Amino acid sequence: MLVWQGLEEFFQVVEQGSFTKAAKELDVSTSHISRQLTQLESRLGTRLINRTTRKISLTDAGHQYIISLKNIRQALSDATDHLQGTQQAPQGLIRITGAGDFVSKQVAPVLAQFMKRYPQVSIEMNFSARNVNLIEEGVDLAIRFGRMQDSNLIARPLCARHMSLVATPTYLNDHGIPTTPEDLIKYNCLVAITNRWRFNIDGKIKEIKVQGNWRSNNPDAIKQACMTDLGIAYLAKDLVQPQVDSGQLVYLLDDYQVNDNANWLVYPKKDLIPHRVRLLIDFLLVHFSEN
1484 MLVWQGLEEF FQVVEQGSFT KAAKELDVST SHISRQLTQL ESRLGTRLIN RTTRKISLTD
1544 AGHQYIISLK NIRQALSDAT DHLQGTQQAP QGLIRITGAG DFVSKQVAPV LAQFMKRYPQ
1604 VSIEMNFSAR NVNLIEEGVD LAIRFGRMQD SNLIARPLCA RHMSLVATPT YLNDHGIPTT
1664 PEDLIKYNCL VAITNRWRFN IDGKIKEIKV QGNWRSNNPD AIKQACMTDL GIAYLAKDLV
1724 QPQVDSGQLV YLLDDYQVND NANWLVYPKK DLIPHRVRLL IDFLLVHFSE N
C-alpha cells in the first residue's frame, strides 16, 4: 500500500543517523533511501528532515511524525506479543527505569525471582534519577516515589513509604533541637529532590522552604552526609530505621509528618500490554501486597 512506502526508510534514517547507514541497514542504495524520503515528504506535504552535507536533523514535523511511527510500531509489536504470549511461554525484553535504595535493594531481587520463573524474558534496568518519558523512549515500566500527578500514565501503588526527619545526636547537641517545622529555617538542611519539605501543621499540609550547603539526588548520599553531623535530613523512614535503632540518628518532629508518599509502579496506558509485561506487573503487585 502506498501509505507504507518510505516509512521504513524514514525510520532507519532517524535510527541510524545518516542516509548511508540506513541504506546499509536495509541493504539498498543511498539513492533509493533519498528517493523514498522525497516521495514520503511530497505525499505528506511537509519536510521531515533537514539535509546538509555533514548531518541530518529532524524538523518539528519530522520529530512529531517519528514519535507517532514509534508508537504505531510498538502497538503492532505489543499486539503480536500479546497474542503469542497467551499461547506460549513469555519471552522478550522488558525495559524498566527507576532509582534509589528501594529499587536497587527491594525491587531488583523481585525482578531476579521473576526471571528465574520465566527464563526466556530479558530485563534491562536503568538506574536513572531522570524522569524518563516512557512513551517516547520505549520504556515498559518505571518505579517512582512520591505523590503521583495526573498524566497519560497508569500508576499502581506498590507500598506506602513514610518520610522522616533525622539528625545525629552530635548535631543536635551542637545546634539544638527544632520544636516546630518553622524552626528548620535556622538549621543546615540536607536537600535531596526538593527544598520544600511538607508537614502537617494544624491539620493542614504546609510546605517549609529549607536551605543548606549539601544537595544530592541520591538518598544514600544524603544519609551519609547526615551521619557525619552535617545537618538535618528528610528521608524515607525505612532508609534510616537501622541507624535510628542503633542510636546513630534521631527522629525529629514526628507529630508533623505527612504520610501520603508511596512507591509506584508506572506504565503507559495501552489497550494491549505485552504478555510478558503484564505478567511482571502482576508479579510485582502481588509480591509487595504480601510483604
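Reminder that position 90 of the sequence shown reads as 1573 in my numbering, one-by-one numbering, no gaps.
Quick reminder that beta carbons are idealized off the backbone N, C-alpha and C, glycines included.
On a predicted model such as this, the values are computed, not experimentally measured, just so you know.
Query	Result
Looking at the strands, I want to know which residues DSSP matches up with Y1734.	V1649
Say the cut is 7 Å; is the CB of R1530 nearer than that to a heavy atom of the ligand ATP?	Ligands are entirely absent from the displayed structure, and the ligand ATP is therefore not among its contents.
Have a look at A1704, V1511, A1716 and flag the residue whose alpha-carbon is nearest the alpha-carbon of I1668.	A1716
Note down the Cα distance separating G1489 from G1500, rounded to an integer number of angstroms.	16 Å
Hey, does E1607 have any beta-carbon neighbour from chain C nearer than 8 Å?	Protein chain content of the structure displayed is limited to a single chain, and chain C is not contained in it.
Can you give me the Cβ contacts of S1512 inside the same chain, cut-off strictly under 8 Å, excluding the 5 residues immediately before and after it?	A1506
Per DSSP, what kind of secondary structure is I1676 in: helix, strand or coil?	coil
For T1580, does the three-state DSSP call read helix, strand or coil?	strand
Just checking my contact of P1573 with Y1601 at CB under 8 Å: how many whole Å lie between their CB atoms?	5 Å
Assuming I1637 and K1752 are in contact, meaning their beta carbons sit under 8 Å apart, how far apart are those beta carbons, in whole angstroms?	6 Å
If you follow the beta strand (DSSP E) that V1593 is in, where does it begin and where does it stop?	First-last for V1593: 1591-1600, but that is the alpha helix (DSSP H), not the beta strand (DSSP E).
Just how far apart, CA to CA, sit E1492 and E1498?	10 Å
Kindly provide the ranges of any alpha helix (DSSP H) runs that are 4 or more residues long and lie completely inside the segment 1689-1764, ordered along the chain.	1702-1710, 1720-1728
Go through the segment 1519-1545 residue by residue and report every complete run of the beta strand (DSSP E) that reaches 3 residues or more, in order.	1532-1534, 1539-1541
What would DSSP say about S1512, mapped onto helix, strand or coil?	coil
Excluding five sequence neighbours on each side, which residues of the same chain lie with their C-beta closer than 7 Å to the C-beta of R1681?	I1688, E1690, V1741
Find the nearest neighbour of K1538 within the set F1494, F1502, D1712, judged by alpha-carbon distance.	F1502
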